[in-house]
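Student: Shown below is the structure under consideration.
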Amino acid sequence: MGKKSDVQLIVDGKRTDGRAPEDVRPISMRLDVVSRANGSAEVSFGKTTAVAAVYGPRTLFPRFMQESDTGIIRTRYNMAPFSVVDRKSPGPDRRSTEISKVVRLALEPSIFLEDFPKATIDVYVEIIQADGSTRVTGINAASLALVAAGAPMKDMVTAVSVGKIDDTLIVDLNGTEDQNSQSDVAVAIMPRTDRITLLQMDGVLTKDEVMTVLSFAKENCHKINEQQKKLLLEKYTGE
Amino acid sequence: MDTKLVLPGDLIGERKGRRFGRGTFVEGENVYSAVLGIPRASEVEISVIPMSGVYLPVMGDRVIGTIKSVEVSGWTVDINSPYTAFLPLAEAVDEYVDTSREDISRFFDVGDVIFCRISKVTKGMNVQASMRDMMSRKLFSGAILNVTPSKIPRIIGKAGSMVQLIKQKTKCDIYTGQNGLVWIRGDDKAKAIETILMIERESHLKGLTEKVEKMLG
Amino acid sequence: MENYALELIQKGTRIDERKFDQYRNIEIKTGVIGPAEGSARVRIGDTEVIVGVKMNTGTPFSDMPNDGTMMVSAEFTPLASPDFESGPPGEDAIELARLVDRSLRESKCIDFSKLVITPGVKVWSVYIDIHIINHQGNLLDAAGLAAVAALWNAYIPKYENEKIVRGEPAGKLPISFKPITITVGKVGNTLLVDPVLEEESIIDAKMSIAIRDDGKICAMQKQGHGTLEFSDVDKMIDIALKKSEELRGLI
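Residue numbers (numbering that gives the first Met the number 0), protein chains in the order written: chain A, 0 to 238; chain B, 0 to 216; chain C, 0 to 250.
This is how it looks when you write it as structure tokens:
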């Protein structure tokens with residue numbers, strides 16, 4: 000809502016949770032959290048936790064939605080009522096409808112949809128605890144789930160948020176920072192080719208600041224992607 | 000067994016005039032993996048065996064299917080895939096049948112299980128099945144096991160060696176479908192199922208054959 | 000399927016022979032809707048959007064007791080295109096409304112502190128309703144333009160004895176900026192503005208960029224099925240900066 004910078008969010012170079020401006024919160028990731036899904040993952044950035052499950056490719060109903068020359072991807076981003084301090088009433092709202100769409104568009108370029116005409120890949124993202132940067136956390140979980148599901152893909156998708164508080168650019172906004180930021184930007188890329196698949200920016204920035212934000216995002220997405228890859232490989236080489 | 004794994008977007012190698020098969024894609028001269036799996040490169044083809052994923056039919060595959068509905072002149076077959084296959088009467092029955100007078104459910108009825116071949120797949124994923132060969136048949140009773148389709152080759156083994164071993168030791172009839180279904184009937188069904196599930200879990204690890212031998216005693 | 004719009008762009012031209020950085024003719028009429036406190040009817044080529052601003056009283060948000068509120072909605076009416084269906088707003092309408100909302104809110108163009116009737120109890124709520132009349136491409140830029148024009152046209156009605164006296168202005172809506180949203184599309188290696196419908200169907204990806212009067216960016220959103228390179232964003236912002244000045248001059 001209103002971006003107020005009257006709250007001091009960086010003191011002696013440290014953020015409210017003790018991080019330096021360029022630090023990402025501790026990240027944890029695990030696979031196979033939903034037994035019957037074709038692929039699933041849970042990802043936490045600090046206190047923000049997202050669970051993603053992928054079903055499909057599977058037969059698409061209603062039939063009129065089927066495309067004879069390509070498959071489709073459907074996404075649902077949803078916040079659990081208890082994920083935030085003030086209970087969120089269950090079900091889709093305007094915010095989640097928009098985020099579901101941008102998450103879909105962020106993932107879609109990575110998938111060879113043409114490999115499964117008339118079918119769908121359904122990606123469900125549930126935010127079970129929210130402390131800022133929920134959509135990017137959800138995208139990171141969804142991308143892991145897609146690979147685990149064996150979906151045919153060009154690349155993975157990795158996302159991170161970058162923002163500006165107290166005139167300083169910071170990486171991975173927590174909830175307090177998000178509410179009081181001068182600007183926040185959500186970015187997703189396909190790391191192999193550095194293609195942007197999601198870019199949403201709020202707040203006020205100069206062009207130079209936008210370009211700096213993007214280079215921060217790129218650098219951090221590459222680091223996060225290394226963690227994603229390590230986890231996926233460990234699934235089959237561990238023990 | 001080589002356990003080097005690749006992820007989507009990983010470079011596997013240069014194409015050098017070779018075919019690029021399942022689980023891969025090409026950009027310029029470079030062949031990349033499209034899935035998490037084990038790369039396989041020969042002189043003619045580069046492919047990746049995926050570690051997971053649903054079954055997408057390819058012509059020539061041998062699959063286990065369940066009759067979903069009986070149509071006027073054939074059957075719709077569930078092949079454990081986002082797509083169903085159509086089995087035309089002429090691809091299933093040798094004798095002459097007058098479809099205007101006769102209900103063809105006396106050959107195959109809803110729920111019947113068949114071992115058949117994918118004979119045609121269009122670009123839009125219209126799939127045709129056929130039973131016009133020596134191996135295709137109707138499968139009576141028995142249990143059906145659902146495994147990751149890409150693990151089927153490991154269950155079959157080199158020239159059928161692995162599945163032969165299980166058949167011998169458990170005295171079971173076993174049919175393996177490339178669509179990830181395994182049909183089993185016999186005395187020691189439980190032992191066979193246990194073994195196959197172990198192979199599925201550990202198919203990418205070394206010393207699999209020894210482990211199977213040990214397990215079957 | 001062959002697409003002549005694509006073929007033309009590859010040859011360096013467009014269906015209607017515009018330059019890649021050229022908008023169609025823009026026409027802005029304000030004060031077109033009597034019952035609304037502010038309104039604008041904007042045409043960009045054949046694309047036509049009406050925005051109405053209605054002033055109602057309401058309660059402030061608990062965390063901002065001394066600020067008025069704002070609500071942006073969009074209706075893709077089925078009369079405007081065979082692609083639109085009746086029923087509650089779909090995903091695209093919601094996204095458009097939220098993008099217009101962010102461009103206005105983040106630019107801080109409305110001084111919400113001046114929209115207080117009784118602090119913490121009663122404030123003015125600015126309802127901005129976007130109505131699509133004719134969809135021939137680039138709805139967002141047209142909607143954004145119409146919203147800003149309607150807000151600049153809007154007044155606060157007289158408020159007497161706990162009642163709104165409709166039709167009697169008590170003062171202008173406190174607005175100070177003209178945030179302008181420019182959408183830049185990418186087709187192959189070509190960047191273009193103001194795509195018509197046929198061009199929208201072949202755009203790989205596009206970026207909507209909202210720009211304030213001081214040249215600062217106040218909202219961005221990548222749209223479309225494809226991807227963008229980092230260098231594309233750089234060029235798109237430059238185009239948006241240039242075009243936003245031009246469009247701002249029209250209001």
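A virtual CB, placed ideally from N, CA and C, is assigned to each residue, including glycine.
1) Of all the options C:Lys-234, C:Gly-67 and C:Glu-36, which has the alpha carbon lying nearest to the alpha carbon of Lys-113 (chain C)?
2) Whole angstroms are fine: how far does the CA of Gln-178 (chain A) sit from the CA of Met-0 (chain A)?
3) In the DSSP assignment, the alpha helix (DSSP H) including Asp-100 (chain C) goes from what residue to what residue?
4) Hey, does Val-232 (chain C) have any beta-carbon neighbour from chain A nearer than 8 Å?
5) Since Ser-68 (chain B) sits in a beta bridge, which residues does DSSP pair it with?
6) So which residues of chain C does Met-210 (chain A) contact, with C-beta pairs closer than 7 Å?
7) At 3 residues or longer, what runs of the beta strand (DSSP E) sit wholly inside the segment 107-142 of chain C?
8) Leaving out five residues on either side along the sequence, give the residues of the same chain with a beta carbon under 6 Å from the beta carbon of Thr-121 (chain B).
9) Rounded to whole angstroms, what is the Cα-Cα separation between Asn-79 (chain B) and Asn-133 (chain C)?
10) Let's see if you can read the secondary structure: which residues bound the beta strand (DSSP E) around Arg-42 (chain C)?
11) How many angstroms separate the CA atom of Ser-182 (chain A) from the CA atom of Val-203 (chain A)?
12) For a contact defined as C-beta to C-beta under 7 Å, what are the partners of Pro-244 (chain A) on chain C?
13) Using the Cα positions of Ile-11 (chain B) and Val-50 (chain C), report the straight-line distance between them to the nearest angstrom.
14) Which word fits Met-0 (chain B), buried or exposed, when buried means at least 16 other C-beta atoms lie within 10 angstroms of its C-beta?
15) Anything in the segment 17-34 of chain B with a Cβ closer than 8 Å to a Cβ of chain A? List those residues in chain order, please.
16) In chain A, which residues lie less than 9 Å from Ser-46 (chain B) when you measure between Cβ atoms?
17) Let me know the secondary structure DSSP gives Lys-205 (chain B) once reduced to three states.
18) Name, please, each residue of chain A whose Cβ falls closer than 7 Å to the Cβ of Thr-189 (chain C).
19) What is the DSSP secondary structure of Met-70 (chain C), counted as helix, strand or coil?
20) Could you please tell me which residues of the segment 62-76 of chain A, in chain order, have their CB closer than 9 Å to any CB of chain F?
21) Which bits of chain C does Val-83 (chain A) rub up against, with CB to CB less than 8 Å?
22) Closest by CA to Glu-228 (chain C), which one among C:Ile-238, C:Val-41 and C:Ala-204?
23) How far does the alpha helix (DSSP H) with Gln-167 (chain B) in it extend, from its first residue to its last?
24) Residues in the same chain with beta-carbon distance under 7 Å from Glu-238 (chain A), minus the five sequence neighbours each way, listed in chain order, please.
25) To the nearest angstrom, how far is the alpha carbon of Ala-335 (chain C) from that of Asp-128 (chain C)?
26) Sort out for me which residues DSSP pairs Val-164 (chain C) with in a bridge.
27) For Tyr-54 (chain A), I'd like the list of residues in its chain whose CB is within less than 7 Å of its CB, leaving aside the five on either flank, ordered along the chain.
28) Under 8 Å Cβ-Cβ, which residues of chain A neighbour Arg-97 (chain C)?
29) For the 8 Å Cβ check, are there 3 or more pairs between the segment 164-181 of chain B and the segment 145-153 of chain B?
30) Could you check if Ala-149 (chain C) is buried or exposed, using at least 16 other CB atoms within 10 Å of its CB as the buried criterion?
31) Do you know whose CA, among A:Thr-136, A:Glu-233, A:Glu-225 and A:Val-10, lies nearest Val-186 (chain A)'s CA?
32) Which one or two residues does DSSP pair with Thr-189 (chain C) in a beta bridge?
33) Excluding the 5 residues flanking Val-31 (chain C) on each side, which residues of the same chain have their C-beta closer than 8 Å to its C-beta?
34) When DSSP builds the beta bridges, which residues end up paired with Cys-115 (chain B)?
35) Roughly how far, in whole angstroms, is the beta-carbon of Thr-48 (chain A) from the beta-carbon of Gln-128 (chain A), given that I think they are within contact range, below 8 Å?
36) Hey, is Ser-109 (chain A) close to the ligand COA, as in C-beta under 7 Å from one of its heavy atoms?
Tutor: Inspection of the coordinates gives the following:
1) Counting from 1 along the third sequence, the entry for residue 113 (chain C) is found at position 114. Among C:Lys-234, C:Gly-67 and C:Glu-36, the Cα nearest to that of Lys-113 (chain C) is on C:Gly-67.
2) Here residue 0 (chain A) is taken as the residue at index 1 of the first sequence, counted from 1. Here residue 178 (chain A) is taken as the residue at index 179 of the first sequence, counted from 1. Residue placement at Met-0 (chain A) is poorly supported in this model, since its pLDDT is 40, which falls under 50; the coordinates are not used for a value here.
3) To locate residue 100 (chain C), count along the third sequence from 1; it is residue 101. First-last of the alpha helix (DSSP H) with Asp-100 (chain C): 90-106.
4) In the third sequence, counting from the first residue as 1, residue 232 (chain C) sits at position 233. Cβ-Cβ to chain A under 8 Å: yes for Val-232 (chain C).
5) The residue labelled residue 68 (chain B) in the question sits at position 69 within the second sequence. Its beta-bridge partners are B:Thr-75.
6) Locating residue 210 (chain A) in the first sequence gives position 211, counting from the first residue. Here the neighbours are Asp-233.
7) 115-117 and 121-133
8) Numbered from 1 along the second sequence, position 122 holds the residue referred to as residue 121 (chain B). Nothing listed; no residue qualifies.
9) Position 80 of the second sequence, counted from the start, is the residue given in the question as residue 79 (chain B). Position 134 of the third sequence, counted from the start, is the residue given in the question as residue 133 (chain C). Approximately 46 Å, taken between the alpha carbons.
10) Start at 1 with the first residue of the third sequence, and residue 42 (chain C) comes out as number 43. Per DSSP, the unbroken beta strand (DSSP E) holding Arg-42 (chain C) starts and ends at 37-43.
11) Along the first sequence, read from residue 1 onward, the residue named residue 182 (chain A) stands at position 183. Along the first sequence, read from residue 1 onward, the residue named residue 203 (chain A) stands at position 204. If you take the alpha carbons of Ser-182 (chain A) and Val-203 (chain A), they lie about 6 Å apart.
12) Summary: the structure shown does not reach residue 244 (chain A), with chain A confined to residues 0 through 238, and so no result is reported for it.
13) As a position in the second sequence, residue 11 (chain B) is number 12, starting the count at 1. As a position in the third sequence, residue 50 (chain C) is number 51, starting the count at 1. Cα-Cα distance, rounded: 55 Å.
14) Within the second sequence, residue 0 (chain B) is the residue found at index 1, counting from 1. Only weak support is given to the placement of Met-0 (chain B): the predicted model assigns it a pLDDT of 42, under 50, and the value that follows is read from those uncertain coordinates. Result: exposed.
15) Gly-22, Phe-24, Tyr-31, Ala-33 and Val-34
16) Taking the second sequence and counting its residues from 1, one reaches residue 46 (chain B) at position 47. Per Cβ cutoff of 9 Å: no residues; Ser-46 (chain B) is ~12 Å from chain A at best.
17) Indexing the second sequence from 1 puts residue 205 (chain B) at position 206. Note: Lys-205 (chain B) maps to coil in three-state DSSP.
18) Position 190 of the third sequence, counted from the start, is the residue given in the question as residue 189 (chain C). None at all; the shortest Cβ gap to chain A is about 17 Å.
19) The residue given as residue 70 (chain C) occupies position 71 in the third sequence. DSSP places Met-70 (chain C) in strand when its eight states are reduced to three.
20) The displayed structure is made up of protein chains A, B and C, and chain F is not among them.
21) Start at 1 with the first residue of the first sequence, and residue 83 (chain A) comes out as number 84. Around Val-83 (chain A), no beta-carbon contact reaches into chain C at under 8 Å, the shortest distance being about 14 Å.
22) Looking up residue 228 (chain C) in the third sequence gives position 229. For Glu-228 (chain C), the nearest C-alpha among the options comes from C:Ala-204.
23) As a working mapping, residue 167 (chain B) is identified with position 168 in the second sequence. Start and end: 160-169.
24) Mapped onto the first sequence, residue 238 (chain A) falls at position 239. Confidence at Glu-238 (chain A) is low in this model, with a pLDDT of 43, below 50, so its placement is unreliable and no value can be given for it.
25) Outside the shown range of chain C, which is 0 to 250, sits residue 335 (chain C), and nothing can be said about it.
26) Reading the third sequence from its first residue, position 165 is the one you call residue 164 (chain C). Paired residues: C:Lys-157.
27) As a position in the first sequence, residue 54 (chain A) is number 55, starting the count at 1. Beyond the five residues adjoining it in sequence on each side, Tyr-54 (chain A) comes within less than 7 Å, by CB distance, of Ala-36, Asn-37 and Asp-121 in the same chain, given in chain order.
28) For the purposes of this step, residue 97 (chain C) is taken as the residue at position 98 of the third sequence. Ordered by position in chain A, the residues that pass the 8 Å Cβ test against Arg-97 (chain C) are Arg-93, Arg-94 and Glu-97.
29) Yes: at least three Cβ pairs fall under 8 Å.
30) Taking the first residue of the third sequence as 1, we reach residue 149 (chain C) at position 150. So Ala-149 (chain C) ends up on the buried side.
31) Here residue 186 (chain A) is taken as the residue at index 187 of the first sequence, counted from 1. The residue with the shortest Cα to Cα distance from Val-186 (chain A) is A:Thr-136.
32) By 1-based counting over the third sequence, the position of residue 189 (chain C) is 190. Note: Thr-189 (chain C) sits in a beta bridge opposite C:Val-186.
33) Taking the third sequence and counting its residues from 1, one reaches residue 31 (chain C) at position 32. The residues are Ser-38, Ala-39, Arg-40 and Ile-49.
34) The residue given as residue 115 (chain B) occupies position 116 in the second sequence. Partner(s): B:Val-62.
35) The count along the first sequence starts at 1 and reaches residue 48 (chain A) at position 49. The count along the first sequence starts at 1 and reaches residue 128 (chain A) at position 129. Right, their Cβ atoms sit about 4 Å apart.
36) Ligands are entirely absent from the displayed structure, and the ligand COA is therefore not among its contents.
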